[in-house]
Structures are given as C-alpha cells and as structure tokens.
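Single-structure report; data block below.
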Amino acid sequence: MARQVSVQLVDDIDGSPAAETVDFGLDGVRYTIDLSRENAAQLRSVLAPYLRRARALQASAGGGKRRRRRAAADSTALIRDLAERARSQRRTEDATEPQRDGQAAGATGAAEEITGPVLPEPVTPAEPDARPVTPPLAPVFQPPQR
1 MARQVSVQLV DDIDGSPAAE TVDFGLDGVR YTIDLSRENA AQLRSVLAPY LRRARALQAS
61 AGGGKRRRRR AAADSTALIR DLAERARSQR RTEDATEPQR DGQAAGATGA AEEITGPVLP
121 EPVTPAEPDA RPVTPPLAPV FQPPQR
C-alpha cells in the first residue's frame, strides 16, 4: 500500500497559506513563526524602527547550535553504548553464575544491588547509656498542690 504525506505551511496568525518561516529573537529567546507574505511584511515594518537602531550580533563561525546538537548527539550515543556494554556484561555474569536453591541466576546479586549487603548483626549505638539529646517534655499546666 502506498502512502503519500504532504506538509502544508499555514500562517500562525490567520491560518492562511504561509509563504515563509521567520526567525527572530527577543530577551535572549529565539522565536520562529510561519507567516504569509503580508504578515511577514507587517512584522518587519513593526520591527523596522527598532532594527534600524539595534546592533546586529554575528553568528558564531561554524554554527554554534549545530555544534552543540552534534555534541549532545555524540554524548547520547556514548551513554547508550556504555549502557549496552553494562547490560551485556551483566548478561555474561548472570549466565556464568550458578543457580542457588531454585533461584534464577543473578536474582540474589540484583537484590543486593538494590538493598545492599545484609548485616550480620544489628548496629548498636556507640554509648548505650548515653542520655537523650533533648530533655523530656515537662507538663505545661501543673495544678496547685495542697
């Protein structure tokens, strides 16, 4: 079965067919909007007095955004690769671990990873006869004694 997908740009202001996508920035935030020729011209005419007095910033050489995206993609790939290596190492360790008392291989190790090793005896305070840090609470109201 054949599928045909078409993308139609629509003016974000009035819903008419869009002629262009306009990028602009304000207060450190970048914006993009799809506009018809008329609405794009109107936006430019509204911004014109400000643009005439503003200083244009030069884009960094090599397209900084692309570099950041590429670096993020590289680090994502690295993280996925490390996770896959750890999974395959765990699979190898689980396959070589003998089964104990009907438990699946690796079940005990996984439980220890979550809870930590079982302590042989309960932990006791260093000074068992030490007084509590806070004094006991005194009653707020004491009736007069006769």
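Those letters in the sequence shown? Residues 1 to 146, by full-length UniProt numbering.
C-beta atoms are modelled at their ideal positions from N, C-alpha and C, and glycine is treated no differently.
Residue i at chain C interface by Cβ criterion, 9 Å
i	result
T76	The chain inventory of the structure shown lacks chain C, comprising one protein chain alone.
Backbone CA spacing between residue i and residue j [nearest angstrom]
i	j	result
L78	E84	10 Å
D81	R91	15 Å
A41	P49	14 Å
E38	M1	40 Å
S45	T32	17 Å
R87	T76	16 Å
L51	R3	45 Å
L57	D14	31 Å
R55	F24	14 Å
A19	Q89	54 Å
V22	R53	20 Å
R30	L43	15 Å
L47	V5	36 Å
Beta-carbon spacing of residue i, residue j below 9 Å
i	j	result
D12	D27	no
Beta bridge counterpart(s) of residue i as assigned by DSSP
i	result
L26	V29
P17	V10
D34	T21
Expected contact under 8 Å - CB spacing of residue i and residue j to nearest Å
i	j	result
R17	V10	It should be pointed out that residue 17 corresponds to Pro in this sequence rather than to Arg. 7 Å between Cβ atoms; contact.
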